[in-house]
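Going down the list, the protein sequences come from chains A and B. Numbered as in UniProt numbering, the first sequence ends at 385 without a single skipped number. Numbered as in UniProt numbering, the second sequence ends at 385 without a single skipped number. For every residue, glycine included, the Cβ atom is placed at its ideal position computed from N, Cα and C. None of these values were measured; they are calculated from a predicted model. Here's the structure, in structure tokens; my notes come after.
Number of protein chains: 2
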Amino acid sequence: MTLTSISRGFPEAEFVARTARAQTSMAHVGLDGILLMTEAEVQYFTGFQTLFWQSPTRPWFVYIPASGKPIAIIPEIGASLMQRSWLDDIRTWAAPAPDDDGISLLTDLLLSQSVVGVMKGHETQLRMPLGDWERLMAALPALEFKDATGLVQGLRMVKSEAEIEKIEHICAIGSETFAQVPQFARAGVPLDDVFREFRREALAQGADGAPYLVGASSQGGYADVISPPDTTPLTHGDVLMLDTGLVWDGYHCDFDRNWAIGKAHDAAKQAYDVLWRATQAGIEAARPGNTCRDLFDVMSRIIATLDDSGGDIGRLGHGLGLQLTEQPSHAAFDTTQLTENMVLTLEPSLSYGDGLMMVHEENIVVTQQGGRLLSTRAAVELPVI
Amino acid sequence: MTLTSISRGFPEAEFVARTARAQTSMAHVGLDGILLMTEAEVQYFTGFQTLFWQSPTRPWFVYIPASGKPIAIIPEIGASLMQRSWLDDIRTWAAPAPDDDGISLLTDLLLSQSVVGVMKGHETQLRMPLGDWERLMAALPALEFKDATGLVQGLRMVKSEAEIEKIEHICAIGSETFAQVPQFARAGVPLDDVFREFRREALAQGADGAPYLVGASSQGGYADVISPPDTTPLTHGDVLMLDTGLVWDGYHCDFDRNWAIGKAHDAAKQAYDVLWRATQAGIEAARPGNTCRDLFDVMSRIIATLDDSGGDIGRLGHGLGLQLTEQPSHAAFDTTQLTENMVLTLEPSLSYGDGLMMVHEENIVVTQQGGRLLSTRAAVELPVI
Numbered sequence: 001m002t003l004t005s006i007s008r009g010f011p012e013a014e015f016v017a018r019t020a021r022a023q024t025s026m027a028h029v030g031l032d033g034i035l036l037m038t039e040a041e042v043q044y045f046t047g048f049q050t051l052f053w054q055s056p057t058r059p060w061f062v063y064i065p066a067s068g069k070p071i072a073i074i075p076e077i078g079a080s081l082m083q084r085s086w087l088d089d090i091r092t093w094a095a096p097a098p099d100d101d102g103i104s105l106l107t108d109l110l111l112s113q114s115v116v117g118v119m120k121g122h123e124t125q126l127r128m129p130l131g132d133w134e135r136l137m138a139a140l141p142a143l144e145f146k147d148a149t150g151l152v153q154g155l156r157m158v159k160s161e162a163e164i165e166k167i168e169h170i171c172a173i174g175s176e177t178f179a180q181v182p183q184f185a186r187a188g189v190p191l192d193d194v195f196r197e198f199r200r201e202a203l204a205q206g207a208d209g210a211p212y213l214v215g216a217s218s219q220g221g222y223a224d225v226i227s228p229p230d231t232t233p234l235t236h237g238d239v240l241m242l243d244t245g246l247v248w249d250g251y252h253c254d255f256d257r258n259w260a261i262g263k264a265h266d267a268a269k270q271a272y273d274v275l276w277r278a279t280q281a282g283i284e285a286a287r288p289g290n291t292c293r294d295l296f297d298v299m300s301r302i303i304a305t306l307d308d309s310g311g312d313i314g315r316l317g318h319g320l321g322l323q324l325t326e327q328p329s330h331a332a333f334d335t336t337q338l339t340e341n342m343v344l345t346l347e348p349s350l351s352y353g354d355g356l357m358m359v360h361e362e363n364i365v366v367t368q369q370g371g372r373l374l375s376t377r378a379a380v381e382l383p384v385i
Numbered sequence: 001m002t003l004t005s006i007s008r009g010f011p012e013a014e015f016v017a018r019t020a021r022a023q024t025s026m027a028h029v030g031l032d033g034i035l036l037m038t039e040a041e042v043q044y045f046t047g048f049q050t051l052f053w054q055s056p057t058r059p060w061f062v063y064i065p066a067s068g069k070p071i072a073i074i075p076e077i078g079a080s081l082m083q084r085s086w087l088d089d090i091r092t093w094a095a096p097a098p099d100d101d102g103i104s105l106l107t108d109l110l111l112s113q114s115v116v117g118v119m120k121g122h123e124t125q126l127r128m129p130l131g132d133w134e135r136l137m138a139a140l141p142a143l144e145f146k147d148a149t150g151l152v153q154g155l156r157m158v159k160s161e162a163e164i165e166k167i168e169h170i171c172a173i174g175s176e177t178f179a180q181v182p183q184f185a186r187a188g189v190p191l192d193d194v195f196r197e198f199r200r201e202a203l204a205q206g207a208d209g210a211p212y213l214v215g216a217s218s219q220g221g222y223a224d225v226i227s228p229p230d231t232t233p234l235t236h237g238d239v240l241m242l243d244t245g246l247v248w249d250g251y252h253c254d255f256d257r258n259w260a261i262g263k264a265h266d267a268a269k270q271a272y273d274v275l276w277r278a279t280q281a282g283i284e285a286a287r288p289g290n291t292c293r294d295l296f297d298v299m300s301r302i303i304a305t306l307d308d309s310g311g312d313i314g315r316l317g318h319g320l321g322l323q324l325t326e327q328p329s330h331a332a333f334d335t336t337q338l339t340e341n342m343v344l345t346l347e348p349s350l351s352y353g354d355g356l357m358m359v360h361e362e363n364i365v366v367t368q369q370g371g372r373l374l375s376t377r378a379a380v381e382l383p384v385i
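In structure tokens form, the structure reads like this:
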């Protein structure tokens with residue numbers, strides 16, 4: 001472990017500042033409040049951190065009023081944990097209660113409001129039953145719900161120094177874990193054992209969890225980047241790719257590495273070289289004044305020297321933080337202006353050969369001088385195990 | 001590892017049968033099809049299994065028509081993996097595409113339909129942007145959407161033999177992992193290190209992942225069951241509880257264990273004994289003819305001998321399978337009839353002492369003879385480490 005002095009949690013000032021920024025933006029666009037119900041948003045404004053979100057049974061709500069602290073409307077099972085947060089107003093019910101899973105508490109809270117924001121745009125989900133949402137709208141006929149996606153995502157995109165420290169910490173753990181891969185990945189080892197060992201190593205290096213690990217290994221390259229592993233042994237001539245999202249104190253890394261097993265084919269070496277240089281161009285371009293589209297363009301131009309198909313991943317990187325993937329997207333459609341302290345992945349990919357593909361990924365923070373690496377830069381040439 | 005001969009995936013006949021059962025129910029209630037968009041449901045009908053669901057960026061859709069195979073409407077990045085499924089009709093787009101993330105493909109597909117089911121009831125979420133949902137409804141003004149929650153959850157509640165095998169396999173891995181806890185949990189070890197070692201052990205025992213681990217350790221008992229660990233060392237006189245959801249081939253276990261560190265206080269021993277007996281009563285009552293409410297009642301009666309507050313967890317167990325928690329709920333509100341091959345948790349809990357609580361949990365499958373244990377039964381008395 002590289003950074004043992006880092007502490008968990010945030011001082012209350014962090015949550016005060018986040019809430020104040022939200023309230024300033026709310027005032028600009030005329031919102032009386034914002035109703036939030038998704039894990040990352042609840043955690044962002046309250047510090048409430050639990051794996052219990054994996055159970056879909058119970059909805060959780062936080063309301064950001066025009067002024068003052070956020071208000072929690074949550075199942076009783078979460079009261080004890082939420083009481084350790086900076087919030088004062090915590091309203092609970094004995095969930096699950098299919099007839100009234102927080103709806104009457106929400107109705108009471110929102111009855112006096114006129115215009116309330118909810119997140120209903122790109123990359124959002126309604127983390128409550130649609131039927132309950134319809135009942136809430138019916139119970140509040142005079143209330144106008146407006147989309148607050150851009151407002152909330154805009155706040156979350158730009159990280160505080162404390163957030164960057166946490167992401168840098170888990171990126172360092174990820175880099176150390178990748179550095180150990182040659183110790184347990186070699187010809188003859190089943191791919192699912194490689195995955196298992198990778199996760200065990202990440203935990204040993206200090207990750208709280210290793211929720212995300214995808215990858216592949218096959219002759220000369222791989223055809224798909226989201227699969228679980230099978231039991232096929234690594235074979236001389238394979239290209240192995242592992243892409244991981246590890247987590248520490250709620251914050252993620254998200255990057256990948258490629259290796260050749262025994263021998264690197266020329267086509268794979270060439271693809272690797274193009275992607276390494278595309279990533280490098282992205283790192284250099286990751287400075288205020290440029291946009292996500294600019295990052296997409298500089299990487300795309302280099303990728304196009306080998307593959308001008310546009311690929312099937314739809315973007316060449318994204319935001320990173322409380323979520324494995326968050327806004328913005330490095331894509332032609334995303335003209336988000338880069339600003340200092342955005343934490344981003346650069347994730348160029350290309351197709352080559354007979355249906356093969358390759359992906360590179362690094363994690364950076366935007367600075368005036370371009371991207372500062374949070375992950376340890378991948379080797380210049382495709383490493384051979 | 002106890003059961004190494006078990007194989008991953010399902011024969012196509014399993015998906016054919018699941019789809020046929022859905023289509024029979026759809027005909028009964030007059031649905032032309034069901035539109036699904038959540039991980040467990042997509043996996044249930046297609047076998048599509050990927051951790052990529054952790055990225056909230058892209059929506060995924062599967063449509064169950066009145067007859068014939070399901071139809072996938074998914075991001076291009078998933079095409080290669082979905083092509084390995086039993087589906088023939090896979091429609092893709094280059095996601096993310098904020099202006100049209102599958103909406104025009106869905107509109108084309110649903111234009112000829114009259115009444116389509118979606119899941120909008122208890123324990124469901126809308127895993128697509130609410131704004132896109134509103135656009136889809138606006139594009140299909142003649143289409144009636146009906147709630148299909150009960151239909152889909154009803155199918156998923158009753159497991160096939162192949163599903164039960166997978167759950168039994170991961171329960172065995174969980175039991176072996178819990179059996180190792182005394183090797184690494186003892187006075188002086190920080191709680192977060194116990195969590196880390198538990199996860200590493202679960203992977204070593206054969207789990208694909210250890211996504212869910214919550215617990216606590218404090219003097220005489222614990223006050224909360226959903227928290228992440230802190231760095232406080234285990235201390236003589238603590239009660240340690242670990243509650244885990246491990247996963248193998250997409251299926252979960254979900255059970256917990258309690259230990260006393262060094263010495264067991266009388267109050268903790270008494271709470272443990274009551275919960276052990278409550279669980280036993282639940283196991284015996286888990287037979288066809290009884291309801292979830294009956295399970296709740298038999299456990300509640302024993303719990304009430306020590307604590308008649310009703311607790312704050314809201315239920316005393318739930319369904320288990322592709323999700324860590326799924327329908328039904330052992331609660332007064334749930335009159336679901338138990339049938340053979342339902343896989344359930346029994347999870348009695350109680351409050352005692354000064355704000356302390358205790359939870360027990362076992363995993364069972366419903367048989368004519370009562371619950372058959374999938375987890376290795378907890379010790380009769382609170383074990384002391």
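{"Item": "Positions along the region 31-64 of chain A whose CB lies within less than 7 Å of some CB in chain B", "Value": "Gln49, Thr50, Leu51, Phe52, Gln54, Ser55, Pro56, Thr57"}
{"Item": "Euclidean distance between Cα positions of A/Glu168 and A/Ala97", "Value": "41 Å"}
{"Item": "Whole-Å CB distance - A/Ala286 paired with A/Leu338, under 8 Å assumed", "Value": "6 Å"}
{"Item": "Under 8 Å by beta carbon: chain A residues contacting B/Gly245", "Value": "Gln54"}
{"Item": "Burial state of B/Ser5 (16 or more Cβ within 10 Å)", "Value": "exposed"}
{"Item": "Helix, strand or coil at A/Phe15 [DSSP, three-state]", "Value": "helix"}
{"Item": "Neighbourhood of B/Leu373 by C-beta, 8 Å cutoff - its chain only, sequence neighbours within 5 removed", "Value": "Ile283, Glu362, Asn363, Ile364"}
{"Item": "Backbone CA spacing between B/Phe10 and B/Arg156 [nearest angstrom]", "Value": "15 Å"}
{"Item": "Residue interval of the beta strand (DSSP E) (run including A/Ser80)", "Value": "Note, A/Ser80: premise wrong, no beta strand (DSSP E); alpha helix (DSSP H) at 79-83."}
{"Item": "Under the three-state DSSP convention, the category B/Arg372 falls into", "Value": "strand"}
{"Item": "Chain B within 8 Å of A/Met128, Cβ atoms only", "Value": "yes"}
{"Item": "Proximity of A/Phe61 and A/Ile73 at Cβ, strictly below 8 Å", "Value": "yes"}
{"Item": "Residue from A/Ala378, A/Ala271, A/Leu320 whose Cα sits closest to the Cα of A/Ser160", "Value": "A/Leu320"}
{"Item": "Residues of its chain near A/Leu316, where Cβ-Cβ distance is below 6 Å and the 5 sequence neighbours each way are ignored", "Value": "Phe296, Met299, His330, Glu347, Pro348"}
{"Item": "Whether B/Ile64 touches B/Leu109 by CB criterion (8 Å)", "Value": "no"}
{"Item": "Buried or exposed (CB count within 10 angstroms, at least 16 for buried), B/Ala138", "Value": "exposed"}
{"Item": "Rounded distance between the beta-carbons of B/Asp132 and B/Asp101, thought under 8 Å", "Value": "6 Å"}
{"Item": "Cα-Cα separation between B/Pro228 and B/Ala271, rounded to whole angstroms", "Value": "23 Å"}
{"Item": "Nearest residue (CA-CA) to A/Trp53, options A/Glu39, A/Tyr44, A/Thr46, A/Gly47", "Value": "A/Glu39"}
{"Item": "Cα-Cα separation, B/Thr305 to B/Lys269", "Value": "14 Å"}
{"Item": "When A/Ala267, A/Met26, A/Gln327, A/Arg301 are compared against A/Val115, the one with the closest alpha-carbon", "Value": "A/Met26"}
{"Item": "Nearest-angstrom Cα separation, counted from B/Ile302 out to B/Arg18", "Value": "38 Å"}
{"Item": "A/Pro383, DSSP secondary structure in three states", "Value": "coil"}
{"Item": "CA-to-CA distance, A/Glu165 to B/Gly310, given in whole angstroms", "Value": "43 Å"}
{"Item": "Three-state class that DSSP yields for A/Met357 in the structure shown", "Value": "strand"}
{"Item": "Proximal residues of chain A, C-beta to C-beta of B/Gly78 below 8 Å", "Value": "Ile226"}
{"Item": "Span of the beta strand (DSSP E), counted from its first residue to its last, around A/Pro65", "Value": "61-65"}
{"Item": "Inter-stretch contact at 8 Å, needing at least 3 Cβ pairs: the region 196-213 of chain A / the region 189-206 of chain B", "Value": "yes"}
{"Item": "Residues near B/Ala381 by beta carbon distance below 6 Å, same chain, minus five either side", "Value": "Correcting the residue identity first, residue 381 of chain B is Glu in this sequence and not Ala. Nothing listed; no residue qualifies."}
{"Item": "Alpha carbon of B/Arg377 to alpha carbon of B/Asp273, nearest angstrom", "Value": "13 Å"}
{"Item": "Backbone secondary structure at A/Leu155 - three-state DSSP", "Value": "helix"}
{"Item": "Simplified DSSP state of B/Arg127, which is helix, strand or coil", "Value": "coil"}
{"Item": "Classification of A/His28 by the beta-carbon crowding that lies within 10 angstroms, buried from 16 upward", "Value": "exposed"}
{"Item": "is_contact[B/Tyr352, chain A] using C-beta, thresh 8 Å", "Value": "no"}
{"Item": "Distance, A/Trp93 Cα to A/Thr253 Cα", "Value": "Position check: residue 253 of chain A holds Cys in this sequence, whereas Thr was assumed. Near 35 Å, if we compare the C-alpha coordinates of A/Trp93 and A/Cys253."}
{"Item": "N- and C-terminal bounds of the beta strand (DSSP E) containing B/Ser218", "Value": "209-219"}
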